[in-house]
Amino acid sequence: MADEKTFDFLNKNEREPKPRKTGITEIRGPYYAVMGKRYLNDIMETMGEHVDSLKFSGGSFSIMPKDKVTELIDIAHDHDALVSTGGFMEYVLTQGKDAVDQYIDTCKDYGFDIIELSAGFITLPTDDWLRLIEKVQEAGLKAKPEIGIQFGAGGDTAQGELESEGTLDTSYAVKQAKRFVDAGAYMIMIESEGITENADPWRTDVPAAFINEIGLEKLMFEAADPEVFAWYIKNYGPEVNMFVDHSQIVQLETLRRGIWGTKSLWGRVLTYKE
């Protein structure tokens, strides 16, 4: 049978079936590598059970043929995965209000489920962010604000440039995230730059501050490296929501299931469900 589980005689951490509320894994779509329907089909046919959402990055969908974009969206939907625009809104905002309205309508027309609202390269007042959340939700889509502490985060900005930009006060960022959650945001994406990416040492106090105030269910953490998502799972358990590259889905899921990992993780990552 196509859905027959393998090696079921071995104990593994249990995972909630999709749609999950925790332990969500979002994978990167086209950006660092080209992704077409055959490539995504291979991923979903083998690992689709463990993929909760597919995220286009860097506005990649805006330079692809429409039918190829919708092919990827349809494949994700066939495997019960949501599809996110990624953080392209900050570019669209520079084009004016009409462009924002048309962008939201076009995303809905294409079949996107989630519009990520990022502001790494622009300064956006919190009230304007809240208006965007409302506008996205009125269109019947899920709003996913991205929050970080690093000014100028996003893209491929060099560490030296980021260091010269400085960082945002963590308590302010947490309060901002709480307002977005109260406004009905689907989830808050936590940008890795300044926390675990281009940060030496890591700012482990930052995710702790968000989690202590908001909880795990409404937060998703970007993990650019396997050592990063291993750290999150070691410290916050297999139910932490993670965004990783599509090439890392297998490694991440083996850590969530507690069947593989580093010496510091071995035998430690467990779930207990009645």
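Each residue of the sequence shown is one higher than the last, beginning at 1 in UniProt numbering.
No residue lacks a Cβ here, since even glycine has one placed at the ideal position from N, Cα and C.
Since this is a predicted model, take the numbers as computed values, not measurements.
### Query
If you compare alpha carbons, which of G215, D42, T46, I214 is closest to K5?
T46
### Message
Suppose contacts are defined by Cβ-Cβ distances below 9 Å. Is L168 in contact with P145 by that definition?
### Response
The answer is no: Cβ separation not under 9 Å.
### Task
Sort out for me which residues DSSP pairs P145 with in a bridge.
Answer by DSSP bridge pairing, in chain order: L117.
### Query
Hey, T25 and D52 are a contact pair by Cβ (cut 8 Å); roughly how many whole angstroms apart?
With a Cβ gap of about 5 Å, T25 and D52 count as contacting.
### Query
Which runs of the beta strand (DSSP E), 3 residues or longer, sit entirely within the region 73 to 145?
The qualifying runs are 82 to 84, 114 to 117.
#### Entry: Cβ contact (3+ pairs, closer than 8 Å) linking the region 211 to 220 and the region 180 to 193
yes
### Message
Based on DSSP bridge pairs, tell me the residues matched to E193.
### Response
E197, per the DSSP bridge assignment.
### Task
Please go through the same chain and pick out, in chain order, the residues whose beta-carbon is closer than 7 Å to the beta-carbon of T70, but skip the five residues on each side of it.
Cβ-Cβ distances below 7 Å link T70 to Y110, G111 in the same chain, with the five nearest sequence neighbours on each side left out; the list follows chain order.
### Task
Using three-state DSSP, classify F9 as helix, strand or coil.
coil
### Query
Going by DSSP, what residues sit across from R38 in a beta bridge?
Bridge partners of R38: none, in fact.
### Query
If you pair each beta-carbon of the region 5 to 22 with each one of the region 190 to 205, do three or more pairs fall below 8 Å?
no
### Task
Give me the Cα-Cα distance between W231 and R131, rounded to the nearest whole angstrom.
35 Å
### Message
Assuming contact is defined by CB atoms lying nearer than 9 Å, are N13 and T196 in contact in what I supplied?
### Response
no
### Task
Note down the Cα distance separating L255 from D98, rounded to an integer number of angstroms.
45 Å
### Message
Could you compute how far the alpha carbon of I259 sits from the alpha carbon of D127?
### Response
45 Å
### Task
With a threshold of 16 other CB atoms inside 10 Å of the CB of E227, please say whether the residue is buried or exposed.
exposed
### Task
Confirm, please, whether the CB-CB distance from P19 to I80 is below 9 Å.
The question names Ile, yet the displayed sequence has Asp at residue 80. Their beta carbons are under 9 Å apart, which means D80 touches P19 by this criterion.
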